[in-house]
Amino acid sequence: MKDTNAPPLLDLVGVHKSYSGAEGPVPVLRGVDLQLRAGETLALTGESGSGKSTLLHIAGALDLADSGQVRIAGHDITAMSDTQRAEVRRRDVAVVFQQFNLIPSLTVADNIAFQARLSGHVDAELVARLADRLGLAEQMRKYPEALSGGQQQRVAIARALAARPRLLLADEPTGNLDEDTAAEVLDQLVALVSDSGAALLVVTHSPAIAARMDQRLHLRQGHLE
Amino acid sequence: MNARVMIFLLIWPVAAWAQGFAGLGSTADGFAVPAPDPGFDFPADHGPHPDYRIEWWYLTANLSSSDGTPFGLQWTLFRSALAPGEAEDWQSPQVWFAHAAVTTPDAHFATERFARGGVGLAGVTVAPFRAWIDEWAMQGPDFDTLSLTAQGPDFGYDMRMQAQGPLVFHGADGFSVKSSAGQASYYYSQPFYAISGTLMLPDGPVEVSGSAWLDREWSSQPLSDDQSGWDWFSLSFDSGDKLMGFQLRQRGGGSFSAATWIAPDGSTTAFADGAFRAVPLASSRVAGRDVPTRWQVTLPDRGVDATVAALNPQAWMGLSIPYWEGPVTIEGSHTGVGYLEMTGYE
Amino acid sequence: MKRACLAALMSHWRRNPLQLFAFLAGLALATGLWSGVQAINAEARASYDAAAQTLGEGQFDQIVPRSGDRIAQADYVALRRAGWMVSPVIEGRVDGVRVLGFDPLSSPAGFGVNNAADDIDLGAFLGPDQLFAAPETLPRLSLDIALTEAPGVAPGIAAGDVGVVQRVLDRRDLSRLLVLADQPLTRPPLDRIAPHLRLLPASQSADLGELTDSFHLNLTAFGLLSFAVGLFIVYSTIGLAFEQRRGVVRTLRALGVPLPRLIGIMVAEVLLLALVGAVLGVFLGYVLAALLLPDVAITLRGLYGAEVSGTLRFRPEWWGSGMAIAVLGAVSAAGARLWQIARMPLLASARPRAWAMTTGQAQRIQAAVAAMLLLAAGLFALLGSGLAAGFALLGCFLIGAALALPVLVRPVLTLAEGASRTPVSTWFWADTRQQLPGLSLALMALLLAISANVGVATMVSSFRLTFVAFLDQRLAPELYVQTADAAEAQGLETTMQAQGIPVLPLLRADARIADLPARLLGVRVGPTYRDNWVFLDASAGAWDRVADGAGAILNEQLARRAGLWVDDAIDVAPGVTLPVVAVVGDYGNPLGQVFVSEPLFRDLHPDASPRQFGLRTDDPAALRAVLETELGLAPSAITNQTALKAFSLQVFERTFTVTAALNVLTLAVAGFAMLMSLLTLADLRVPQLAPVWALGLTRRDIGQLELMRAGVFAALVCIVALPVGLALAWVLLAIINVEAFGWRLPMFLFPADYARLGLYAVLAALLAAAWPAWRLMRTPPSALLKVFANER
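Residue numbers (the numbering used here), protein chains in the order written: chain A, 1 to 225; chain B, 1001 to 1346; chain C, 2001 to 2792.
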């Protein structure tokens, strides 16, 4: 499945990012280079506040780097308008967050299909299959507030995959779950990504999760190691 | 503006002081002032004297029905001038008001009227004599032969009167001094009326007869500043003698008194300050205040030492300005009946 | 400890100044509108009371002439001397001011001038010639007589001693006699003393109060409506504040603060804030009333001839009621929340529940209450009678409709969601539906405001249409002439007849007809009447029968009050019974009127001579010249009907300026309610919107959708408000107006007005939503990402 010759789906070169703190800008990323190709999985670890999430947000076209180059599926994000970046978000990337992934006013079924429909290629069969595989078939008509945390994360994963993203980003996707559930959800995520051929970047502080990925990078003092 | 209270303030300054109108009515303000040695001119002087501030035709009667039940009757026409003199129509400065009352041993009826002078609502003419306000009237061919009517919402009367004696003049030939400072009024009476007629009471008409006493008085400055009220007695003894006595109570104690002893033939003896004395013996709770309704009356010169008691202690005139007026009975050195008027009891 | 607790609780407001502002502003606006309206009402009522008392109208039996408006003074004296306890009143007009003379000695207690003139010295009153009037009336008088300021005298009236007023008016007679309550045992009947006078019992005198009360009820209803709108704001703000402080409350309790003390502190806090809001509101109301009062005064003077003092006094009845209702409103709004806190287990979740999400049960209860209120409104409509029932109907109906709003809107949104094709529109409708509970209070406020607008617009416009038509009908003659006396009247008739100009004398006499005070009018039946009059109902040949003296026409007021209609019989005078041949609409006139032919009128009232005439001409200017030069009539005695019409219309336009101003304010308050709801919801919105943004919508998209959502809500509310408003108008026209005025107004519909109102409402909603939406568009991504962040 891996194609080392293909252009990277995610290509970060010299990415810098600072946040404004009480005593001037606080650098978080200080020249990060990162490439991720289709079929690759990558674990990003680091201390709390090391900038893992920031890196993920930049990689997901949710936030902008202060400098450096960010290319997602070949598009230069930095040069894009807000609207174009939004299009990249719905077409090429899917993100699973630790919490608040779901749209509270939509049913599970609508949540799962939402991004796929946004990007214009909803596949009802895929949705059904994902729901089935994630054990959500019984929950489809429910609203997110009626689900447990594990179920909510499964819905988020289903939604991410239903959109057939080329790049899937997950930010501590199991951070809010207990150990057993976390393992189960992660298994499903890895298996499904593997089937879809997308690239996966997981931000985690769990060595166990990191161990499941092809590559592991550690973020320390704004640099990847 | 309570016009009626204002009018009373003019005529009874005592009440005015109590209400903070000190001095009103005690100065003459262009009005004529009574002078000694009045030369009365009758019948003209039975009529109004518009140059004087105040004047009244004040009749009280002690009556009894055929079964011996005693009654009292009052009919008073007051004149009060806002300015001296008379003028046409509504411009007249003369204001008239009147009180009527009937007292029974266990009830007291009182009512009042008000009228502006100048338009014919009230007034007094002398030949023939007619004193009237609205439909109330005291009238007759002359001052000796009169009929008397008055009515209120719940009572009325219709009486005939015939004088049985002469007019009587108080003080010095009708010049009646009212204080040691010299305030005075013109004052004469006809105390010898025989009266009979019908009282209209809630229980029906009652035929009554008895004697009546008419006071005529006018002045412009009746009281002095330090006088707080008066107690006025008109007493008819069974002996045929009569006694008019009053005392003007002074603020902070003391009083000024005067009296006239009237013999059955109408001859009079005037008594100066101090001869006549009235001392309260008992009070009654009347209209929320204590009013003396039993008096010790003395006139040592004539051997009078009698107890005067109200026929009905509740003879309260609850009108625009309230006061006490009602029939009394006399016991002691002398016996008889009479009338008592008391003002200035708060 | 108390201070520490208070500080902890108060810190909430410091951190949420917007909520504090919403709380205070909502309460202040609500109180302001309420107390402003109350102020206007109280002021106007006080003026009427003074006027009614001054005129002695309605309170006392009166003796009035059987014809004309003069009583000889000799009659007065004769009555008094016969034992009739009566007090004289003379009344006239000088410089447009009612000059009123009375006798302070005999006038009954409660006769207004008597009370009003408490500060006037009797000597001064009876002394040299002078009149007493309120400060604002004095400048209108140009009399060569001493004028004294007496604030207690009703505006538009100059009072004085009967003798003084006789000289001012150059009369020696009187206008009427007040009959005192206490009369002596016996007195001869009135007929025997003065057969040409008659007794007018107290209750049947012309009653100013009934008419003006309607206007005040109208104002009060709008005041209440505005207050309800404001209360919605306060309720939602308090709700939010208390929900957000569950955490603080839990922490404080965990730290050992006893619950009762905590509750006590919070009650004190609410009371304090309510008082501050109420004081602000009363001040606002004062300003509002001060701004509107001149209009109200003009309106009432024009419409009913009632004078309202143009100055505002700080009356306890309105600022007191404003304060009370504000504090009660705030406390009742806080009560429910405090009850919840009191029952909250110590370790309950400190996270604010999605307070906006009302439970299904709460929704069902709301629906049930709405249904009950609407049912009650229906019962009032079917079974009730009287003004009070009319307003009860109005109240039940409006509140019921407001409560029913979410119940009605929800299925529409569900339907729209089901019908939507794109994910964004699906989400839009779903999310709109989810916002419904949080915004429902604001939406109800908007509903009430729009309904009131629709209702009043309908009523005002219906009134106007009807009234214009009525004016065209009634003011047909081109010129109206007022003659000074019978001789001048005769001269006018003769001259005009010689010139072939149709003359229409206006013969009138006060009468008691069908046991009601009424005015008998004699008309010279002719083309003017036949062509112009439009009857509500008539029998065939109505005018012919009137001309023959064989029929009478009633105005609607009298017909409705007396329960008479066409073909019924009516006694127009003792022993004179006529069939009712027609009923005519009569607007803006309180009195019952009966129209008969001129000859019949002259038979019944031989003494009455017409003083006012209508003249038909093609050339009013030329005729006016003839009247002035040949007849020597004063220019002021001749009125051009177009001017009259314009004036009458102007009066009616003014009548409703106040109502219109209140309407705009209500709408503004409703918009404010929406703004506040949206702003307080904004923080809760971020977690709801962040996923949508993350999934590929721009912040601009989301902001626009938020705006559109407000517009959709407003549009939906408008759709509900239209029938509610029309029903409101119907109640006002068909129930309340009949009860208060005695005539029913035909209801017209004004779709263009409603469309414009709807547009305004949507605009108001968009304006209210604009700032929150703009804030949302400007939310930095980092703020949105925080929703998801691990390090929350």
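No residue lacks a Cβ here, since even glycine has one placed at the ideal position from N, Cα and C.
Practice prompt. Check whether the segment 2323-2331 of chain C touches the segment 2365-2381 of chain C, counting contact only when three or more Cβ pairs, one atom from each stretch, lie closer than 8 Å.
Written response: no
Worksheet item: Residue range of the beta strand (DSSP E) that GLY149(A) falls in?
Response: Counted as a single uninterrupted DSSP element, the stretch harbouring GLY149(A) is not any beta strand (DSSP E) but the alpha helix (DSSP H) occupying residues 149-162.
Discussion item. Give me, in chain order, the residues of the same chain whose beta-carbon lies closer than 6 Å to that of MET1317(B); leave out the 5 immediate sequence neighbours on both sides.
Written reply: Apart from sequence neighbours up to five positions away, the residues of its chain that approach MET1317(B) with a beta-carbon distance below 6 Å are ALA1110, TYR1323 and GLU1325, ordered along the chain.
Worksheet item: At what residues does the alpha helix (DSSP H) containing TYR2529(C) begin and finish?
Response: 2527-2532
Fill in: Per DSSP, the bridge partner or partners of SER196(A)
Its beta-bridge partners do not exist; DSSP assigns none.
Worksheet entry | 9 Å Cβ cut-off: residues of chain B touching GLN2130(C) | Those within 9 Å of GLN2130(C) in chain B number zero; the least Cβ separation is about 13 Å.
Worksheet item: Which residues in the same chain have their Cβ closer than 7 Å to the Cβ of ASP1051(B), if we skip the five residues on either side of it in sequence?
Response: PHE1031, ALA1032, PRO1084 and GLY1085
Worksheet item: Run through DSSP, which three-state label would TRP2565(C) get?
Response: coil
Worksheet item: Can you find at least 3 beta carbon pairs, one from the segment 2684-2703 of chain C and one from the segment 2778-2786 of chain C, that sit closer than 8 Å?
Response: yes
Worksheet item: Would you say PHE2788(C) faces chain A, with C-beta separation under 8 Å as the test?
Response: yes
Discussion item. Quick check on DSSP: helix, strand or coil for ILE2090(C)?
Written reply: It is a strand residue.
Discussion item. With a threshold of 8 Å between beta-carbons, can PHE215(A) be considered close to chain C, or not?
Written reply: This sequence places Gln at residue 215(A); Phe is not what is there. Not an interface residue.
Worksheet item: What in chain A is Cβ-close to TRP2427(C), meaning under 8 Å?
Response: ILE103, SER105, LEU106, ASP110 and PHE114
Item to complete: Provide the residue span of the beta strand (DSSP E) that contains LYS17(A), from first to last.
Response: Where LYS17(A) is concerned, the enclosing beta strand (DSSP E) starts and stops at 10-21.
Worksheet item: Using a Cβ-Cβ cut-off of 6 Å (strictly less than) and excluding sequence neighbours within five positions of LEU2403(C), which residues of its own chain qualify?
Response: GLN2366, VAL2369 and ALA2370
Discussion item. Rounding to the nearest angstrom, what Cα-Cα distance links GLN1296(B) and PRO2189(C) in this structure?
Written reply: 51 Å
Worksheet entry | Cut-off 6 Å between Cβ atoms - residues of its own chain near THR227(A), not counting five sequence neighbours on either side | Because chain A in this structure spans residues 1 to 225, residue 227(A) falls outside the shown range and cannot be described.
Worksheet item: When you compare only the Cα positions, how much space is there between ARG2611(C) and ILE2501(C)?
Response: Using only the alpha carbons, I get a separation of about 17 Å.
Worksheet entry | MET1001(B) - DSSP class collapsed to helix/strand/coil | Its pLDDT being 31, under 50, MET1001(B) is placed unreliably by the model, and the measurement read from it follows with that caveat. Note: MET1001(B) maps to coil in three-state DSSP.
Item to complete: Let me know the secondary structure DSSP gives ARG216(A) once reduced to three states.
Response: strand
Discussion item. Just to confirm my understanding: we take TRP1230(B), look at its own chain, exclude 5 residues before and 5 after, and list those with CB closer than 6 Å. What are they?
Written reply: PHE1246, LEU1248 and THR1343
Worksheet entry | HIS57(A) at chain C interface by Cβ criterion, 8 Å | At a cut-off of 8 Å between beta carbons, HIS57(A) contacts chain C.
Practice prompt. Say whether chain A places a C-beta atom closer than 8 Å to the C-beta of THR2680(C).
Written response: no
Item to complete: Alpha carbon to alpha carbon, how far is TRP2543(C) from ARG2524(C)? Give it in angstroms, no decimals.
Response: 10 Å
Practice prompt. Determine, using beta-carbon pairs with one atom in the segment 1259-1270 of chain B and one in the segment 2024-2038 of chain C, whether at least three such pairs fall under 8 Å.
Written response: no
Fill in: Assigned secondary structure, ASP2161(C) (DSSP; H/G/I helix, E/B strand, else coil)
When secondary structure is reduced to three states using DSSP, ASP2161(C) falls in the strand class.
Worksheet item: Which two residues bound the contiguous beta strand (DSSP E) that contains GLU2149(C)?
Response: 2146-2149
Worksheet item: Taking three-plus beta-carbon pairs below 8 Å as touching, is the segment 2731-2750 of chain C in contact with the segment 2478-2497 of chain C?
Response: no
Worksheet item: By the criterion of Cβ-Cβ separation under 7 Å, what are the contact partners of ALA146(A) in chain C?
Response: Within 7 Å Cβ-Cβ: nothing; ALA146(A) doesn't reach chain C, min ~12 Å.
Fill in: Beta-bridge pairing of ILE2513(C) - partner residues as DSSP gives them
LEU2516(C)
Worksheet item: Roughly how many angstroms lie between the CA atoms of ASN1062(B) and PRO1105(B), to the nearest whole one?
Response: 12 Å
Item to complete: Drop a sphere of 10 angstroms on the beta-carbon of GLY1023(B), count the other beta-carbons inside from all chains shown, and report buried for 16 or more, exposed for fewer.
Response: Confidence at GLY1023(B) is low in this model, with a pLDDT of 32, below 50, so the placement of that residue should be treated as unreliable; the coordinate-derived value is given next. Its Cβ having fewer than 16 others within 10 Å, GLY1023(B) is exposed.
Worksheet item: Taking buried to mean at least 16 other C-beta atoms within 10 Å of its own C-beta, is ALA2117(C) buried or exposed?
Response: Note on ALA2117(C): pLDDT 49, under 50, position unreliable in the model; the coordinate value appears next. Result: buried.
Fill in: PRO2517(C) versus PRO1205(B) - alpha carbon distance
41 Å
Worksheet entry | Residue closest to GLU145(A), alpha-carbon to alpha-carbon, out of VAL108(A), VAL202(A) and ASP180(A) | VAL108(A)
Worksheet item: If you measure from the beta carbon of PRO2751(C) to each beta carbon in chain B, is any gap under 8 Å?
Response: no
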